[in-house]
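Residue numbers (my numbering): 1026 to 1324.
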């Protein structure tokens, strides 16, 4: 573990923690595109019951929300913590404090430690995991990411992360870039998810239906198929096979700066969502999480 931590800190010195490769010295407080500094920005932590049922279980997912972000999605539903860098900077904490938060959610009976937006501060977070494990942390680690992750970093996370929870937001880079992602988002995210699946495979749950290991891909369906849902599902099926678990999310609403884009100014309809769900079924994907309430919306 100490060698992994040292390697991650080395990457942060000339920052290549994510594919943006800003090259700033994060350990000296320099800030790149993400806005993050030397330490992770811990905005809040505690039991969360709004994750997928296999993560929340009966006692909640031990969620640690981190500030700053290496994406700048124009419709971000957490923009208050991901894009308000002054606020996030005030919440930056050393690894010892992050470790205490991990142990706290374990003491509350949570099923896992759920790291939300860890990519841009993964060096400090992994150091915190090491400290927490030395002090009795035994919960599965969930890496809850936008998938704009470096392969080099992911390889250092093998046998550290138990459950990968990546978004796969788009199917073409032009759309991704228009709405706040880097111009190479799709290729980087797909490569990252392939590496995640190589490490931990299909989602595994215990006798209570709580996840212990594996990959769960999240895909937020956008209006007018801006998310490229059909192409994304084809890629998932062709690349990862029928057993991968995918959550088809329907909760898009025009948050943050979405009002500036005419094609993003409305929620999705039940018809749009149903077409995506039906297509996933037609591909033979066996493990799809569906928002059944969304299927009953009026159009």
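For glycine and all other residues, C-beta sits at the position ideal for the given N, C-alpha and C.
Cα-Cα separation, residue i to residue j
i, j, result
"residue 1137", "residue 1154", "12 angstroms"
"residue 1241", "residue 1078", "12 angstroms"
"residue 1304", "residue 1259", "9 angstroms"
"residue 1052", "residue 1112", "20 angstroms"
"residue 1059", "residue 1145", "7 angstroms"
"residue 1098", "residue 1231", "35 angstroms"
"residue 1157", "residue 1140", "14 angstroms"
"residue 1204", "residue 1160", "42 angstroms"
"residue 1088", "residue 1286", "32 angstroms"
"residue 1236", "residue 1081", "9 angstroms"
"residue 1152", "residue 1315", "36 angstroms"
"residue 1126", "residue 1116", "13 angstroms"
"residue 1223", "residue 1173", "17 angstroms"
"residue 1131", "residue 1163", "8 angstroms"
"residue 1234", "residue 1054", "42 angstroms"
"residue 1176", "residue 1318", "37 angstroms"
"residue 1267", "residue 1306", "10 angstroms"
"residue 1312", "residue 1320", "18 angstroms"
"residue 1114", "residue 1295", "39 angstroms"
"residue 1084", "residue 1134", "6 angstroms"
"residue 1196", "residue 1269", "18 angstroms"
"residue 1301", "residue 1308", "11 angstroms"
"residue 1069", "residue 1061", "16 angstroms"
CB-CB length for residue i against residue j, believed under 8 angstroms
i, j, result
"residue 1045", "residue 1103", "Contact doesn't hold; Cβ gap of about 19 angstroms is too wide."
"residue 1065", "residue 1123", "6 angstroms"
"residue 1310", "residue 1243", "Between residue 1243 and residue 1310 the Cβ distance is about 14 angstroms, and since that is not below 8 angstroms, they are no contact."
"residue 1264", "residue 1219", "7 angstroms"
"residue 1042", "residue 1118", "No, residue 1042 and residue 1118 are not in contact; Cβ-Cβ is about 18 angstroms, not under 8 angstroms."
"residue 1209", "residue 1199", "The pair is not a contact, with the Cβ atoms about 11 angstroms apart (cut-off 8 angstroms)."
"residue 1221", "residue 1179", "7 angstroms"
Strand pairing of residue i, partner residues [DSSP]
i, result
"residue 1236", "1230"
"residue 1091", "1067"
"residue 1122", "Answer is none; residue 1122 lacks a bridge partner."
"residue 1242", "1271"
"residue 1188", "1167 and 1239"
"residue 1117", "1066"
"residue 1074", "According to DSSP, residue 1074 bridges with nothing at all."
"residue 1255", "According to DSSP, which records beta bridges pairwise, residue 1255 is partnered with nothing at all."
Neighbour flag for residue i against chain B, beta carbons, 8 angstroms
i, result
"residue 1189", "In the displayed structure, chain B is absent; only one protein chain is listed."
Residues near residue i in its chain [Cβ-Cβ closer than 6 angstroms; skip 5 each side]
i, result
"residue 1186", "1166 and 1168"
"residue 1170", "1144 and 1191"
"residue 1142", "1091 and 1094"
"residue 1026", "1155"
"residue 1038", "1050 and 1052"
Neighbourhood of residue i by C-beta, 7 angstroms cutoff - its chain only, sequence neighbours within 5 removed
i, result
"residue 1284", "1290"
"residue 1101", "1107, 1108, 1280 and 1281"
"residue 1040", "1047, 1048, 1049, 1051 and 1057"
"residue 1183", "1224"
"residue 1120", "1149, 1152, 1153 and 1156"
Check: residue i C-beta below 7 angstroms from any heavy atom of the ligand ADP
i, result
"residue 1194", "As presented, the structure is devoid of all ligands, the ligand ADP included, so that no description of it is given."
Cβ neighbours of residue i in the same chain (closer than 8 angstroms, five flanking residues each side left out)
i, result
"residue 1030", "1148, 1151, 1152 and 1155"
"residue 1277", "1100, 1245, 1246, 1247, 1248, 1292 and 1293"
"residue 1075", "1081"
"residue 1229", "1236, 1237, 1238 and 1239"
"residue 1188", "1080, 1137, 1165, 1166, 1167, 1168, 1225, 1228, 1236, 1237, 1238, 1239, 1240 and 1241"
Check your understanding: On the three-pair Cβ rule with 8 angstroms, is the region 1245-1261 touching the region 1270-1279?
Key -> yes
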